[in-house]
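Q: Here's a structure for you.
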Amino acid sequence: MSRIRRRSRPIHIPRAPGPLGDGRAGSTADTLPPVSKPGFGPWASLLALGLLLLIAALAFHWFGLERGTQTATEPAALSVAGYVGADSCAACHRPEYDRWQQSHHAAAMLPPDPQNVLGDFRDAEYAQYGRRTNFLRHNGQYLIRTDGPDGRTAEFPVRYVFGRAPLQQYLLQLPGERLQAFSIAWDSRDAPEGGQRWFHLYPGENIDSRDPLHWTGPYQNWNFMCADCHSTNVRHNYDAQHDRFDTRWSEVNVACEACHGPGSAHLAWAEKRQRFWKRWRSEDPGRGLVVRFEHTADPGRRASIINGRTLRFSEDAQIRACAVCHSRRTALTNEFLPEEGYDQHYLAALLSDDLYFVDGQIKDEVYEYNSFRQSKMFARGVVCSDCHDPHSTSLRGDRNTVCLQCHQAARYEASTHHHHNGKVPSAVGCVDCHMPQRTYMVVDPRRDHSFRVPRPDLTEHLGVPNTCQQCHRDKPALWAADQVKRWLGRDAAGFQHFGTALQAVRTTAPGAEALLRAALNDPTTPPIAKGSLLEDAGAVLSAIPDALRRSLHSEFVPERLGALRATQVMPLSQRWNLADHLLADSQRALRIEAARLLAGTGLTSEQSRQLEPALQELRTAAGIYASRPEWRMIAGGVEAALGHSTQAVEQYQAALAIQPGFAPAYANLADLYRALGQEDKVREMLSQGLSAAPNDAGLHYAHGLHLVRVGRTPAGLAEIKRAAELAPDDDRYTYGYAVGLYSSRNKKPAFDFLAAHLRAHPNDREALYLLAQMAIESGRQATLAPYRSRLEQFAEEDARARQLIEALPH
């Protein structure tokens with residue numbers, strides 16, 4: 001469940017589906033019952049056992065299960081296993097089943113009935129920006145009267161409830177078998193906590209039916225955005241030709257097989273064991289399980305975690321299973337095979353600046369996976385179920401005892417550790433200092449799972465938040481940093497120490513190359529951080545060629561991914577020399593990303609042959625998710641890179657048909673027409689785009705370049721300047737405006753503009769180099785006197801700085 005934020009690229013796209021199940025979204029004949037705990041009397045138990053044996057016998061016949069099933073490491077397992085439903089698990093796994101019944105997973109999505117609907121549907125009303133919404137119940141049906149796709153008020157029946165605590169959303173149906181998540185939710189917290197009310201997920205925003213964030217828009221579409229992580233074994237089944245869905249599932253909520261994989265082979269194993277109890281010897285050590293999770297309560301394993309010193313950064317099967325939904329990622333397939341693992345089906349986000357703070361703390365709604373991969377806990381082998389009961393999803397203790405399973409109370413509950421001398425309120429625990437929380441969806445606080453040491457000193461240096469000020473809100477960060485230094489005799493340290501390097505790389509500060517090289521060579525730097533450092537390292541890559549090559553062959557997927565993306569600043573031929581092996585990577589996520597970055601014109605026949613399999617995987621993914629404008633853009637970009645202009649135009653136009661205000665599609669279409677020399681179509685596309693998205697910086701920039709090309713330079717420069725004003729942190733527009741001024745013989749305004757930019761961004765070496773180059777070419781070297789010392793700061797590791805200094809008079 002996620003409140004969608006405004007962004008032009010894909011956001012959280014949940015778990016991908018497996019084989020076709022029985023559930024059908026949007027069908028009026030759907031009568032799936034709510035999850036409830038069945039009762040068993042003596043005769044009912046015998047009847048249930050008989051039914052279980054009958055199901056197992058049918059499973060033998062239907063799925064061909066008379067032979068043993070491979071273990072999770074052998075991909076053939078799923079080919080002989082099917083989904084059987086949570087109730088089939090209950091007979092043998094009653095305690096786990098009962099705990100699951102009470103979990104958030106069991107309530108992830110359910111039919112609307114008095115047991116499941118929490119909101120007030122007694123003609124309650126919610127009003128915002130002049131639009132009124134009423135929540136009604138009529139003839140046993142739950143209805144919402146609100147503004148629809150055309151802006152007119154109509155009644156929409158509630159098809160499903162979504163979640164339970166701390167809020168509940170409701171799914172409404174639109175044509176094309178689309179289910180949409182309604183943007184006004186029920187606050188299910190107790191009234192003293194502020195709950196028992198209707199509230200809007202976008203408070204303070206006037207969102208009408210023309211906005212893509214409106215409940216009828218693409219970003220609230222359940223079929224694509226939500227279904228995978230709220231039901232089991234989902235298939236989207238999008239028909240691009242008729243623009244409609246036929247989404248199916250095995251179970252309406254998140255049930256046993258969502259994590260354990262299809263259970264028919266295990267059920268057959270259990271049935272055979274039951275029938276031949278005294279003389280049966282299993283030929284299947286894997287017990288028919290598609291995915292096997294190791295037992296985590298073994299004291300010996302826990303001791304190895306506590307006493308171990310090796311950092312391994314390897315991912316347990318359990319972490320990969322949880323990551324399927326508890327991560328920010330893009331789905332790549334429409335058939336998730338649990339035994340194949342995460343990276344065969346998803347492309348995980350890295351620690352980009354729109355999602356995480358520069359030190360790795362959570363910023364946007366990113367869930368737990370990448371945070372946990374930064375942690376020392378992860379590096380030592382801790383897994384999710386060490387802290388959480390996987391069936392009830394509740395903690396294994398209170399806010400302190402769950403930590404004290406491994407951390408000795410005598411050491412960590414003492415004032416010598418927390419330094420608050422007994423003044424810590426009883427409500428404050430370990431997590432309040434080491435797992436800071438942020439609130440999403442207005443009422444849903446979530447904790448950062450990177451388990452970090454409080455670092456108020458980094459607030460001063462990097463501008464990141466710190467947990468000290470969550471309690472001491474009236475104190476500045478410097479005060480908190482001084483307190484820590486008094487306690488320790490130094491600044492705090494902690495496990496995550498890559499923030500300074502990442503900040504330097506992003507701002508191209510002096511010494512960025514050395515900091516990057518040190519972080520990449522440090523065995524304690526988490527691979528997710530190494531990948532993120534490399535992804536942003538384009539301006540300083542020339543100083544670390546050996547480290548880049550090594551990371552491109554790393555054993556860790558996020559490091560390979562970041563290194564691959566780092567090469568996109570290079571010419572295509574250089575990219576191929578460095579990264580062509582990733583086209584045959586063991587993980588589909590890497591193969592698809594490599595295909596995107598290595599597609600281009602002028603490839604040799606051998607390169608084209610090498611590219612084709614991964615390129616086909618990319619096209620397949622784009623076809624599966626053709627309901628999304630972002631995937632249409634990816635497909636269009638690849639076709640354009642390959643010189644397939646007709647196919648590229650089709651994909652960009654399809655993106656605009658899906659979302660008429662999708663600015664990137666207008667910009668890419670205009671750029672494609674520019675490459676084809678069709679300036680009249682460039683003008684048409686940009687005019688339409690600016691009408692649909694008048695404040696999009698990219699469109700203003702493209703319009704400005706078009707005007708300059710057709711000889712309207714002053715008007716073009718005004719448009720480029722407007723782009724720089726709308727997106728002051730996007731270097732393309734800053735440099736483009738400066739170069740435009742300079743090229744049009746407005747040299748002094750160009751110098752003044754860059755000088756003002758450098759005052760605001762003193763470490764922007766690209767702007768500094770551009771200013772120096774302009775000054776040298778125009779014979780104005782004297783204007784560089786204030787900047788010479790900055791050039792010298794970069795000269796040790798950057799050849800361009802040395803060349804510019806050599807061109808200056810001594």
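Take 1 as the starting number for the sequence shown in my numbering and just add one per residue.
Backbone N, C-alpha and C fix where the C-beta goes; we use that ideal spot for every residue, glycine too.
(1) Closest by CA to residue 105, which one among 291, 694 and 164?
(2) Run through DSSP, which three-state label would residue 518 get?
(3) Within 10 angstroms of its Cβ, does residue 613 collect 16 or more other Cβ (buried), or is it exposed?
(4) CB residue 85 to CB residue 270, shorter than 9 Å?
(5) For residue 200, list the residues DSSP reports as bridge partners.
(6) Measuring CB to CB, does residue 196 end up less than 9 Å from residue 188?
(7) Once you ignore the five residues that flank residue 527 on each side, which residues in its own chain have a CB closer than 6 Å to its CB?
(8) Can you tell me where the beta strand (DSSP E) with residue 556 in it begins and where it stops?
(9) Does residue 707 pass the burial test, meaning 16 or more other C-beta atoms within 10 Å, or should it be called exposed?
(10) I need the DSSP call for residue 417, collapsed to helix, strand or coil.
(11) Whose C-alpha, out of 115, 149, 406 and 155, is nearest the C-alpha of residue 133?
(12) At which residues does the alpha helix (DSSP H) containing residue 473 begin and terminate?
(13) Could you pull the DSSP bridge partners for residue 567 from this structure?
(14) Report yes if the CB atom of residue 589 is closer than 9 Å to the CB atom of residue 343, and no otherwise.
(15) Can you tell me which residues form a DSSP beta bridge with residue 142?
(16) Taking only three categories from DSSP, how would you classify residue 732?
(17) In three-state DSSP terms, what is residue 633?
(18) Candidates 345, 801 and 319: which alpha carbon is nearest residue 388's?
(19) Would residue 714 be called buried (16 or more neighbouring beta carbons within 10 Å of its own) or exposed?
(20) By DSSP's criteria, residue 161 is part of a beta bridge. Which residues make up the other side?
(21) Quick one: measure Cβ to Cβ for residue 472 and residue 451, integer angstroms, because I've assumed they're closer than 8 Å.
(22) I'd like to check one pair, residue 185 with residue 199: are the Cβ atoms closer than 9 Å?
(23) Could you check how far apart the C-beta atoms of residue 474 and residue 481 are, in whole angstroms? I think they sit under 8 Å.
(24) From residue 22 to residue 250, what distance separates their C-alpha atoms?
(25) Does the region 98 to 118 come into contact with the region 224 to 239, if we say contact requires no fewer than three beta-carbon pairs (one atom in each stretch) closer than 8 Å?
(26) Can you tell me whether residue 70 is buried or exposed, with buried defined as 16 or more other CB within 10 angstroms of its CB?
(27) Report buried or exposed for residue 814, applying the criterion of at least 16 other Cβ atoms within 10 angstroms of its Cβ.
(28) Looking only at its chain, what residues have a beta carbon closer than 8 Å to the beta carbon of residue 585, apart from the 5 residues adjacent to it on each side?
(29) Distance, Cα to Cα, residue 149 vs residue 535?
(30) Apart from the five residues just before and just after residue 326, which ones in its own chain have a Cβ nearer than 7 Å to its Cβ?
(31) To which residues of the same chain is residue 151 closer than 8 Å at the C-beta, ignoring the five residues directly before and after it?
(32) By Cβ distance below 8 Å, which residues in the same chain neighbour residue 3 in space, the five residues on each side in sequence not counted?
(33) Quick check on the burial criterion: 16 or more other C-beta atoms within 10 angstroms. Buried or exposed for residue 114?
(34) When we look at the beta-carbon of residue 574 and count the other beta-carbons within 10 Å, is it buried (16 or more) or exposed?
(35) Do residue 670 and residue 655 come within 9 Å of each other at the CB atom, strictly closer than that value?
(36) For a test of the three-state rule: what should DSSP assign to residue 46, helix, strand or coil?
A: By the coordinates alone:
(1) Within the sequence shown, numbered from 1, the residue matching residue 105 stands at position 105. Closest option to residue 105, Cα to Cα, is 164.
(2) As a working note, residue 518 is residue 518 in the sequence shown. If DSSP states are grouped into helix, strand and coil, residue 518 belongs with the helices.
(3) Position 613 of the sequence shown holds residue 613. Exposed, because fewer than 16 other Cβ atoms sit within 10 Å of the Cβ of residue 613.
(4) Locating residue 85 in the sequence shown gives position 85, counting from the first residue. Locating residue 270 in the sequence shown gives position 270, counting from the first residue. No. Outside cutoff.
(5) Counted from its first residue, the sequence shown places residue 200 at position 200. 184.
(6) Your numbering for residue 196 matches position 196 in the sequence shown. Your numbering for residue 188 matches position 188 in the sequence shown. In this structure, residue 188 lies closer than 9 Å to residue 196 by Cβ.
(7) Position 527 of the sequence shown holds residue 527. Closer than 6 Å at the Cβ level, and outside the excluded window around residue 527, lie 313, 556, 558 and 559.
(8) The residue given as residue 556 occupies position 556 in the sequence shown. Premise fails: residue 556 is in no beta strand (DSSP E) and is neither H nor E.
(9) The count along the sequence shown starts at 1 and reaches residue 707 at position 707. Residue 707 should be labelled buried.
(10) Numbered from its first residue, the sequence shown carries residue 417 at position 417. DSSP places residue 417 in helix when its eight states are reduced to three.
(11) Locating residue 133 in the sequence shown gives position 133, counting from the first residue. The candidate whose alpha carbon is nearest that of residue 133 is 155.
(12) Locating residue 473 in the sequence shown gives position 473, where the first residue counts as 1. Where residue 473 is concerned, there is no enclosing alpha helix (DSSP H), given that its DSSP letter is neither H nor E.
(13) Your numbering for residue 567 matches position 567 in the sequence shown. DSSP lists no partner for residue 567.
(14) Translated into positions along the sequence shown, residue 589 becomes position 589. Translated into positions along the sequence shown, residue 343 becomes position 343. Taking 9 Å as the Cβ cut-off, residue 589 and residue 343 qualify as a contacting pair.
(15) For the purposes of this step, residue 142 is identified with residue 142 of the sequence shown, where counting begins at 1. Residue 142 is bridged to 137.
(16) Residue mapping note: residue 732 aligns to position 732 of the sequence shown, counting from 1. Helix.
(17) Here residue 633 corresponds to residue number 633 of the sequence shown, with the count starting at 1. Residue state, collapsed to three classes: helix.
(18) Counting from 1 along the sequence shown, the entry for residue 388 is found at position 388. That would be 319, whose Cα lies nearest to the Cα of residue 388.
(19) The residue labelled residue 714 in the question sits at position 714 within the sequence shown. Residue 714 comes out exposed.
(20) Residue numbering aside, residue 161 sits at position 161 when the sequence shown is read from its first letter. According to DSSP, which records beta bridges pairwise, residue 161 is partnered with 110 and 170.
(21) Within the sequence shown, the letter at position 472 stands for residue 472. Within the sequence shown, the letter at position 451 stands for residue 451. That belief does not hold up - the Cβ atoms of residue 472 and residue 451 are roughly 21 Å apart, past 8 Å.
(22) As a working mapping, residue 199 is identified with position 199 in the sequence shown. As a working mapping, residue 185 is identified with position 185 in the sequence shown. Yes, the pair counts as a contact, with Cβ atoms nearer than the cut-off.
(23) Sequence index remark: in the sequence shown, residue 474 carries index 474 (1-based). Sequence index remark: in the sequence shown, residue 481 carries index 481 (1-based). Actually they are not in contact, since the Cβ atoms of residue 474 and residue 481 sit about 16 Å apart, beyond 8 Å.
(24) Translated into positions along the sequence shown, residue 22 becomes position 22. Translated into positions along the sequence shown, residue 250 becomes position 250. Legend: pLDDT at residue 22 = 40, less than 50; position of this residue unreliable, value from coordinates given subsequently. Computed Cα separation, rounded: 5 Å.
(25) yes
(26) Counted from its first residue, the sequence shown places residue 70 at position 70. At residue 70, the pLDDT of 27 sits below 50, so the modelled position is not reliable; the number obtained from the coordinates is stated separately. With 16 or more other Cβ atoms within 10 Å, it is buried.
(27) With the chain covering 1 to 810 only, the question about residue 814 has no answer from this structure.
(28) Stepping through the sequence shown from its first residue, residue 585 is reached at position 585. Closer than 8 Å at the Cβ level, and outside the excluded window around residue 585, lie 560, 591 and 594.
(29) As a first step, residue 149 must be located in the sequence shown, where it is residue number 149. As a first step, residue 535 must be located in the sequence shown, where it is residue number 535. Going by the C-alpha atoms only, they are around 39 Å apart.
(30) Counting from one through the sequence shown, the residue named residue 326 turns up at place 326. Closer than 7 Å at the Cβ level, and outside the excluded window around residue 326, lie 367, 368 and 369.
(31) Along the sequence shown, read from residue 1 onward, the residue named residue 151 stands at position 151. So the qualifying residues of the chain are 208, 209 and 210.
(32) Sequence index remark: in the sequence shown, residue 3 carries index 3 (1-based). Any reading at residue 3 needs caution, since the residue's pLDDT is 49, under 50, leaving its predicted position unreliable; the model's value is listed next. The answer, listed in chain order, is 201, 202, 365, 440, 441 and 442.
(33) The sequence position of residue 114 within the sequence shown is 114, counting from 1. Exposed, by the Cβ-count rule.
(34) In the sequence shown, residue 574 corresponds to position 574, counting from 1. Exposed is the call here.
(35) Mapped onto the sequence shown, residue 655 falls at position 655. Mapped onto the sequence shown, residue 670 falls at position 670. Result no, Cβ atoms of residue 655 and residue 670 do not sit closer than 9 Å.
(36) Counted from its first residue, the sequence shown places residue 46 at position 46. For residue 46, the pLDDT reaches just 32, beneath the cut-off of 50, and the residue's location in the model is therefore unreliable, leaving the point undetermined.
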